[in-house]
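Asks: From first to last, the protein sequence lines stand for chains D and E. Residue 133 in the numbering used here sits at position 133 of the first sequence, with consecutive numbering throughout. One gets the numbering used here by counting positions in the second sequence from 1 and adding 1000 to each.
There are 2 protein chains.
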Amino acid sequence: MKLNENTSSHGKNKMMGNRSISLSEPVAIITSSSVVGKKEGQGPLGSLFDQVGSDDMFGAKTWEEAESALQSTAASLCIEKSGLRTEEIRYIFAGDLLGQCIASSFGLADLKRPLFGVYGACSTSALSISLGALTISSGAADKVLCVTSSHFASAEKEFRFPLEYGNQRPKSATWTVTGSGAFLLGENNTEKKRALITGITPGQIVDYGIKDSMNMGACMAPAACDVIYHHLKDFTRKPSYYDKIVTGDLGYVGKEILLQLLKEKGINIEKQHTDCGIEIYDPLLQDTNSGGSGCGCAATVLSSYLLKNLEEHQWKRILFIPTGALLSKVSFNEGNTVPGIAHALVLESPS
Amino acid sequence: MKLNENTSSHGKNKMMGNRSISLSEPVAIITSSSVVGKKEGQGPLGSLFDQVGSDDMFGAKTWEEAESALQSTAASLCIEKSGLRTEEIRYIFAGDLLGQCIASSFGLADLKRPLFGVYGACSTSALSISLGALTISSGAADKVLCVTSSHFASAEKEFRFPLEYGNQRPKSATWTVTGSGAFLLGENNTEKKRALITGITPGQIVDYGIKDSMNMGACMAPAACDVIYHHLKDFTRKPSYYDKIVTGDLGYVGKEILLQLLKEKGINIEKQHTDCGIEIYDPLLQDTNSGGSGCGCAATVLSSYLLKNLEEHQWKRILFIPTGALLSKVSFNEGNTVPGIAHALVLESPS
């Protein structure tokens, strides 16, 4: 494989510009898995997911335990595909949307491997994969597992209204994906791999003062704009360098805002852009308004649709940018704004 | 400085045993800061903290905003001490106890630097410092800031009862520290440094089936035991290798359980052991029952008391093990257990 000219395969990673990282040796996504709920299984990507639940309880008694079951299933499946034993997973990087990340705690405890807990709202898949990749490239681990999830019912209870309340959903609202994605990362010397991670641009919190938790796309689009802008600048790349530029869960409303904000900076990504929240549901048939959202949205679309196209060399490289809205029930009720954050990963076809 | 014989200063980090990491080149804690509330200022370590608030509101209108103000102040002070500009901080690693880590989101947004959000309950200081150190040792950053906090009133509201309820506290209860600690990490080639990070043992979730959220020490002691056991085994060290073995917030109740559990494994750390939750308050004068707890407990005691002794060469090396209890209001009310997690850092005197 051709390495970036500025780096060597044995050197340290390279700091690029204001905030980006070029990995001196790419980190491999060896295997991945996606487990989703019934609604996601009925959507346009339905046939690409590894497992689709027949209901959204996954054998559990509460929504929170159902989300833990999702993570547990996705993690086990991802490890199983790799042929590794669980003991060979050096570390787990995981997080979710629930208070104190309990879906991860109760979903992954049985694996009995050291856990780095992360929280980045719906940007968590990129956050966990970034930190997993850096840990591998530092030599501190050879195999790590990155897991995230969301569940429609546990998220509605956590952030908005109990389902029983039957509140009306505005057009700008997104539908939280019931799903979990798991990714097994390893060194590039492995035979089997779905894609390579070659660059990372971690994002900062961007607050445009929006207070509408029913319009997450508008809350997160400025953060996605900021990280895409810095990424292209740090690596001196143009949007056309990528076959696809894929945001996490901006939905239809957020997508329009993102394209407009980038145009104001002289950047046009219309040709390359899509959004996991747009890909996962059919808005007319599935009544999902602006699209899908949640940690599980970007994670399951990455595992099913995006990595498939990279692995099969349909695309050479993509920029993957999960987006998160930073609010809690308390911060919202206390009248705070909903700032956004987004992290960008460069993913390439395996050689 | 003498390096570990198994590593070289230019090589990658070394995986040790089942789960530990030996840093090939130590990462420096360049500066640190501690900002605490009134009660902490009146405790045995009061004179060692950088700033003590006159009330626990820190100029804010809500407990949550007060906690954000704590983080903001600690972060700014830590950067100020280093003489660096905020733009020179490559990344921030931060987390707290509140749902969706909002104390960090709203406390650190104004720094406008990329943020890696982490969640490890009260073990978060070790989690953020571990990931910050690995990021530096991978070459992906030269300077990172690690910040954590807790606030007595926001934590009681988040996990137990509103203060106005005036519930009785059992003898096993700990008192959540109102405080924030910030740590600026950098490469070892810097002149100024308080201590060196030379090893990391990330911990796994350990669940002894305890369901009493008023006895966090008992919930966390098995996780502390597990990580200390693996650390000593992975590095083939004895407790006497360390001048101090310092857990995060087990308190008096958890300490006894930890010592007993380790004795059952043939390990005696009685001579070396202390606990940040025991050091920070006077239990008789301050009515703090089992001791202090919260992310801010281990973080502020590290910045004030532990790093002082390392910097002044009173101690040569310590094992620092913040401990976390993995529960949320929802998981507790749904009848779940309270599992524990703990991460261990090897901290050494600067050369």
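The beta-carbon is built from N, C-alpha and C at its ideal position, and this holds for glycine as well. In this text, all values refer to a predicted model and were calculated from it rather than measured experimentally.
What residue range does the alpha helix (DSSP H) around residue 1297(E) cover?
Replies: 1295-1301
Asks: So, is the C-beta of residue 17(D) closer than 7 Å to a C-beta in chain E?
Replies: It does not; no Cβ of chain E falls within 7 Å.
Asks: For residue 1317(E), list the residues DSSP reports as bridge partners.
Replies: 1348(E)
Asks: Give the range of the beta strand (DSSP E) segment to which residue 1338(E) is assigned.
Replies: First-last for residue 1338(E): undefined, no H or E at that position.
Asks: Note down, in chain order, all residues in the stretch 1055-1079 of chain E with a beta-carbon under 8 Å from any beta-carbon belonging to chain D.
Replies: Residues 1062, 1064, 1065.
Asks: Quick check: is the beta carbon of residue 1028(E) nearer than 7 Å to any beta carbon in chain D?
Replies: Interface annotation, residue 1028(E): not in contact with chain D, CB-CB separation never under 7 Å.
Asks: Please name the residues in the stretch 334-346 of chain D whose beta-carbon is closer than 7 Å to at least one beta-carbon of chain E, in chain order.
Replies: In summary, the residues of the stretch 334-346 of chain D whose CB is separated from some CB of chain E by less than 7 Å are 334, 336, 339, 341, in the order they occur in the chain.
Asks: Which runs of the beta strand (DSSP E) at least 3 residues long sit entirely within the stretch 154-225 of chain D? Give them in chain order.
Replies: Entirely contained in the stretch 154-225 of chain D, the beta strand (DSSP E) runs reaching 3 residues are, in chain order, 179-186, 195-201.
Asks: Using a Cβ-Cβ cut-off of 7 Å (strictly less than) and excluding sequence neighbours within five positions of residue 337(D), which residues of its own chain qualify?
Replies: 207, 209, 210, 211
Asks: List the residues of chain E that residue 142(D) touches, going by C-beta distances under 9 Å, in chain order.
Replies: 1015
Asks: Does the beta-carbon of residue 348(D) have 16 or more other beta-carbons within 10 angstroms, so that it is buried, or is it exposed?
Replies: buried
Asks: Name the two residues that bound the continuous beta strand (DSSP E) containing residue 944(E).
Replies: Residue 944(E) is absent from the model: chain E starts at 1001 and stops at 1351.
Asks: Along chain D, which residues have their Cβ under 7 Å away from the Cβ of residue 1208(E)?
Replies: What residue 1208(E) touches in chain D: nothing, since even the nearest Cβ is about 12 Å away.
Asks: Step through the CB atoms of chain D and report whether any lies within less than 7 Å of the CB of residue 1113(E).
Replies: yes
Asks: Tell me which residue opens and which closes the beta strand (DSSP E) that residue 283(D) is part of.
Replies: Careful: residue 283(D) lies outside any beta strand (DSSP E), inside the alpha helix (DSSP H) at 283-286.
Asks: How many whole angstroms separate the CB atoms of residue 238(D) and residue 28(D), which I take to be in contact at a CB cut-off of 8 Å?
Replies: Incorrect: roughly 26 Å between the Cβ atoms, too far for contact.
Asks: Among residues of its own chain, excluding the 5 on either side of residue 1234(E), which ones have a beta-carbon nearer than 7 Å to its beta-carbon?
Replies: 1016, 1017, 1018, 1019, 1020, 1201
Asks: Near residue 219(D), which residues of its chain fall below 6 Å by C-beta distance, leaving aside the five closest residues on each side in sequence?
Replies: Within the same chain, residue 219(D) has close Cβ partners 210, 325, 338, 340.
Asks: Assign residue 167(D) to one of two classes, buried (16 or more other C-beta atoms within 10 Å of its C-beta) or exposed (fewer than that).
Replies: exposed
Asks: Would you give the residue range spanned by the beta strand (DSSP E) that residue 116(D) belongs to?
Replies: Its beta strand (DSSP E) spans residues 115-117.
Asks: By Cβ distance, which residues of its chain are closer than 7 Å to residue 8(D), with the 5 residues on each side in sequence left out?
Replies: Here the model assigns residue 8(D) a pLDDT of 36, short of 50, so the residue's position is not dependable, and the following value carries that caveat. Excluding residues up to 5 positions away in sequence, 24 lie with their Cβ nearer than 7 Å to the Cβ of residue 8(D) in the same chain.
Asks: Does DSSP classify residue 1152(E) as helix, strand or coil?
Replies: helix
Asks: Rounded to the nearest angstrom, what separates residue 285(D) and residue 42(D) at their Cα positions?
Replies: 10 Å
Asks: Could you give the C-beta distance for residue 1073(E) and residue 1100(E), rounded to a whole number, given that I count them as a contact under 8 Å?
Replies: The pair is not a contact, with the Cβ atoms about 22 Å apart (cut-off 8 Å).
Asks: Return yes when the Cβ of residue 223(D) is within less than 7 Å of the Cβ of residue 247(D), no when it is not.
Replies: 7 Å or more divides the Cβ of residue 247(D) from the Cβ of residue 223(D).
Asks: So which of 260(D), 70(D), 89(D) has the shortest CA-CA distance to residue 33(D)?
Replies: 70(D)
Asks: Between residue 1139(E) and chain D, is there a C-beta pair that is closer than 7 Å?
Replies: yes
Asks: Just to confirm, are residue 272(D) and residue 308(D) a CB contact at a threshold of 7 Å?
Replies: Their beta carbons are not under 7 Å apart, which means residue 272(D) does not touch residue 308(D) by this criterion.
Asks: If you reduce the DSSP assignment to three classes, tell me which class residue 1228(E) lands in.
Replies: helix
Asks: For a quick check, are the C-beta atoms of residue 1304(E) and residue 1184(E) less than 7 Å apart?
Replies: The Cβ atoms of residue 1304(E) and residue 1184(E) do not sit closer than 7 Å to each other.
Asks: Residue 1002(E) CB to nearest chain D CB: under 7 Å?
Replies: Legend: pLDDT at residue 1002(E) = 39, less than 50; position of this residue unreliable, value from coordinates given subsequently. With respect to chain D, the C-beta atom of residue 1002(E) has no partner C-beta closer than 7 Å.
Asks: What residue range is occupied by the uninterrupted alpha helix (DSSP H) comprising residue 25(D)?
Replies: Note, residue 25(D): premise wrong, no alpha helix (DSSP H); beta strand (DSSP E) at 20-36.
Asks: According to DSSP, is residue 86(D) part of a helix, a strand, or is it coil?
Replies: helix
Asks: For the stretch 152-163 of chain D, which residues have a CB atom closer than 7 Å to at least one CB atom of chain E, in sequence order?
Replies: Answer set for the stretch 152-163 of chain D: empty.
Asks: Quick one: is residue 67(D) buried, meaning 16 or more other Cβ sit within 10 Å of its Cβ, or exposed?
Replies: The residue in question, residue 67(D), is buried, as its Cβ has 16 or more Cβ neighbours within 10 Å.
Asks: Which residues in chain D have a C-beta closer than 7 Å to the C-beta of residue 1021(E)? List them in chain order.
Replies: 140
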